Structures are given as structure tokens and as C-alpha cells.
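For what it's worth, my numbering labels the leading residue of the sequence shown as -1, then goes sequentially.
All C-beta atoms in this analysis are idealised placements derived from N, C-alpha and C, irrespective of residue type, glycine included.
Please read all numbers here as calculations on a predicted model, not as lab measurements.
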Amino acid sequence: MRRYSRITGTGSYLPPRRVTNADLVAELAQGGIETSDEWIVERTGIRARHFAAPDVTCSDLGLEAARKALEAAGCQPQDIDLIIVATSTPDMVFPSAACILQNKLGANGCPAFDVQAVCSGFVYALTVADAMIQTGAAKRALVVGAEVFSRILDFKDRTTCVLFGDGAGAVVLEASDTPGILASDLHADGRYVDILCVPGNVAGGAVLGDPVLKMDGQAVFKLAVGVLDKAARATLAKANLTDADIDWLIPHQANIRIMLSTAKKLKLSMDKVVVTVDQHGNTSAASIPLALDHAVRSGQVKKGETLLLEGVGGGFTWGAVLLKL
Ligand code: ACO
């Protein structure tokens, strides 16, 4: 009998400091940077984001989300036999945020590692966990997306600093006789490294390069819209399904205009798209599990429904996971 993996619990966490567009406009004005609520809402759909306190790390946010996901799945930390954290803003260069999270959680012993695929990180991590469960390498995985993007923003660059926020989301993924995850499709194209990057590094005890986010917004927009459609279709084809079978699209929460365009290409009404970007901005690898958890807990999506998760981000990376909840 084929072995599948299935999500049995979701959780998420946003740090308490909520910064509305009006708050951000006022803060940026103090540094001589001009922006407006109207511009941000019209171009992105974002109304607020959350910023972590200075002493709060990626693994701290991930821990809160993980605890909620474990509680929802009805299991204890020691029941977990694999931890994957998707992040581009880990606590330190090494060890991984996953190892630090494992220790905070008290799930010591199982394999734990980070996946770095920027905003596609969660669909990458979910696909890896699914593969490990299918092969029998794991039975019950904790898959987390956690980010403190506020640490890598240039608050003098209004074209990027208004877009991002901090947060975390998590799922428990368990072995099952029934799906679960139906299909996934992952890609990367390293020719596009420069259109979205943080071109810094640590060497000789100093930071080399410019360790803040750089983005060619229009290039990212064009590429994102094209690849998301292709990934969605490839994933559906692998599962012998069509766009008519999708109950909910849960896309990376970067920008409402990218979501509108993706939904239109898939002939999906926006009533079938989970949108939370207005409340937390772009939280990179955390955005899909944040949106998923919100949709589950609000009763928007229900057990047995077919969900298409889609991520796209720096690398350039992109991918989709089709699953039955
Ligand atoms: N406030 C006010 N004005 C601004 C701001 C701001 N925060 N930022 C830029 N502007 C101005 C620009 O200076 C420019 O003014 P000008 O015409 O006088 O020169 C004008 O607005 C238009 O600038 P553009 O960069 O052309 O704006 P655009 O319509 O492309 O919108 C945006 C920018 C929102 C970033 C868009 O390109 C986009 O959505 N790109 C997708 C990128 C994205 O979502 N990235 C998220 C990370 S990647 C990911 O997660 C996949």
C-alpha cells in the first residue's frame, strides 16, 4: 500500500508589535522617507505588518507556531521525528534555526535542518518532508516557516521596506494510508539571483557586501506571475486533476496583485483564494503556513478540501504543493 503524508495540525504566530501603514509612514518620515497608506494599499494590498522585538529570533517565532501546530495535531514534541525550518533569516550563521528550535521545543534527537529557498521555502520544506515520510525515513514531521525579515530591510529604501514583516507558521505532517499531499512541483533558476537578494556575507569577523534586501520589483512581478501559473498546472497534471478541482488556492502572501493575476490565469474566483497579506505583509517562508493556519482556524477551509499551496521567491525559486486537508 502506498504511504502518504497528511497535515494533522497547523499553527502560526505573529509578534505583538503591529505596525500599520500609518505607523510606518510616520516612522519613515522621521528619516526623510516619503510614502503613503494609499500607495502601499493600491500597489500591494498590505495594510499592516508585525515586527519582532530586537531580542526575538527566528526560532522564537517558529517555537510559538510549532507549539500551536503540535497542540492542534494532539501530539507532544517527543512524538516528532523530523524538523525542517524554512527560513532566510535564521538566528545565526550556524547551527540551523531548526536545531535551535528543536532544543527549545524539547524534541532532541531527531534530524533537524533548515531549507533556504526564500519565499518558496515552505513549499520546498513541505515537499522534502513529504518525500521523507513516503520513503519511511520519518513518520511525523514538524515543518515550519519562520522569518524576521525586519532585520534585513533597508528602511531608507521605500520600494522594499514597506512590503515585508515578521512571523511564523507551522504544520505537523504525518504518515497516512490516504492522501494528504497529492503532488508537488519545485523549480529554481539561478540566472535571476540578482533581481531579489541580500548580497552580504560574514568573513574575517566582519560583514562583507550589503546585507539588506535588494529587489527589482517589476522583474520579480513579471517572473512570479508566469511561473506560478506553470507550477500550478504542472502540479495539477501530476495528480490528474484540473483547476476545477481546487477548493482553495493558498498562495505566497507577497502582493495582492500577484494573487489576483494568478487566480485569473487559473480561472479561480478570488472567493477561493486565501488572502492574509493585508494583515501581515510579506513574511517570506512564513506566509503560506500563516495563511493556511488562519484559514483552518477561521473555518474558511475544511477537512477533506483540496488546497493548492504556491510559493515564489529569491533564487529565483518557485513551486506548488497540492493536498487534501
Ligand atoms: N511609496 C510611495 N511611492 C513609491 C514607493 C512607496 N513605498 N515605492 C516606490 N514608489 C514610487 C517610485 O519611486 C515610482 O515613482 P516615479 O514614477 O516618480 O519614479 C513609482 O512609485 C512607481 O514605482 P515602481 O517601482 O514602478 O512601482 P510598481 O508599480 O512596480 O510597484 C512593487 C512596486 C509594489 C514593488 C511592484 O513592482 C511589485 O509588486 N513587485 C512584485 C514584487 C514583490 O511582491 N516582491 C515581494 C518579494 S518577492 C516575493 O515574495 C516573490
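What residue range is occupied by the uninterrupted beta strand (DSSP E) comprising residue i?
i	result
Pro109	From DSSP, Pro109 is part of no beta strand (DSSP E); its letter is neither H nor E.
Val272	Note, Val272: premise wrong, no beta strand (DSSP E); not H, not E.
Ser10	Tyr2 to Tyr11
Ile82	Leu80 to Ala84
Thr315	Thr315 to Lys322
Leu247	Trp246 to Pro249
Leu99	From DSSP, Leu99 is part of no beta strand (DSSP E) but of the alpha helix (DSSP H) over Ala95 to Leu103.
Arg324	This structure leaves residue 324 out entirely; the chain is present only between -1 and 323.
Ala204	Ala204 to Gly207
Check this for me: beta carbons of residue i and residue j, under 7 Å apart or not?
i	j	result
Glu172	Arg4	yes
Val83	Ser182	no
Ile150	Cys108	no
Ile179	Leu305	no
Pro13	Ala64	no
Tyr11	Ala110	no
Gly317	Ala261	no
Thr367	Leu184	It is not possible to answer for residue 367, since the shown part of the chain is limited to -1 through 323.
Ile81	Ala95	no
Ala6	Ala71	Before going on, a small fix: residue 6 reads as Thr here, not Ala. Going by C-beta atoms, Thr6 is nearer than 7 Å to Ala71.
Ile286	Phe147	no
Ser57	Thr315	no
Leu266	Leu247	yes
Met130	Ala136	yes
Leu239	Glu308	no
Asp241	Leu264	yes
Val170	Ala67	yes
Glu303	Leu323	yes
Give the C-beta separation of residue i and residue j to the nearest angstrom, bearing in mind that I take them to be a contact with Cβ-Cβ under 8 Å.
i	j	result
Gly163	His278	5 Å
Ile256	Val273	Incorrect: roughly 11 Å between the Cβ atoms, too far for contact.
Ala168	Leu206	With 8 Å as the limit, Ala168 and Leu206 do not qualify as a contact, their Cβ atoms being about 33 Å apart.
Cys159	Gly312	Rounded, the Cβ-Cβ distance is 16 Å, inconsistent with contact.
Ser86	Gln114	6 Å
Ala217	Ile193	4 Å
Ile44	Asp276	6 Å
Gly198	Pro209	3 Å
Arg0	Gly134	Going by Cβ atoms, the distance from Arg0 to Gly134 rounds to 12 Å, so no, they are not a contact pair.
Arg16	Ala46	6 Å
Thr8	Val200	Rounded, the Cβ-Cβ distance is 34 Å, inconsistent with contact.
Val142	Gly202	Wrong, their Cβ atoms sit about 32 Å apart, outside the cutoff.
Asp152	Leu211	7 Å
Pro88	Asp112	6 Å
Leu161	Asn280	5 Å
Val116	Ala283	7 Å
Gly333	Lys154	A query on residue 333 cannot be resolved here, the shown segment of the chain reaching from -1 to 323 and no further.
Is residue i near the ligand ZN, judged by its Cβ being under 6 Å from some heavy atom?
i	result
Val146	Within the structure as shown, the ligand ZN is missing, the only ligands being the ligand ACO.
On the DSSP letters alone, give me the boundaries of the alpha helix (DSSP H) that residue i sits inside.
i	result
Leu221	Gly215 to Lys236
His292	Ser285 to Arg295
Leu124	Gly119 to Thr133
Leu307	Unbroken run through Leu307 is the beta strand (DSSP E), Thr304 to Gly311; no alpha helix (DSSP H).
Leu266	It is not in any alpha helix (DSSP H) - Leu266 carries neither H nor E in the DSSP assignment.
(request) Note down, one range per segment and in chain order, each alpha helix (DSSP H) of at least 4 residues found wholly within the stretch 154 to 201. (result) Restricting attention to alpha helix (DSSP H) runs no shorter than 4 residues, the stretch 154 to 201 encloses them at 156 to 159, ordered along the chain.
(request) Would you list, in sequence order, the uninterrupted beta strand (DSSP E) runs of no fewer than 3 residues that lie entirely inside the stretch 16 to 74? (result) Counting only runs of at least 3 residues, the stretch 16 to 74 fully encloses the following beta strand (DSSP E) elements, listed from N- to C-terminal order: 16 to 18 and 46 to 48.
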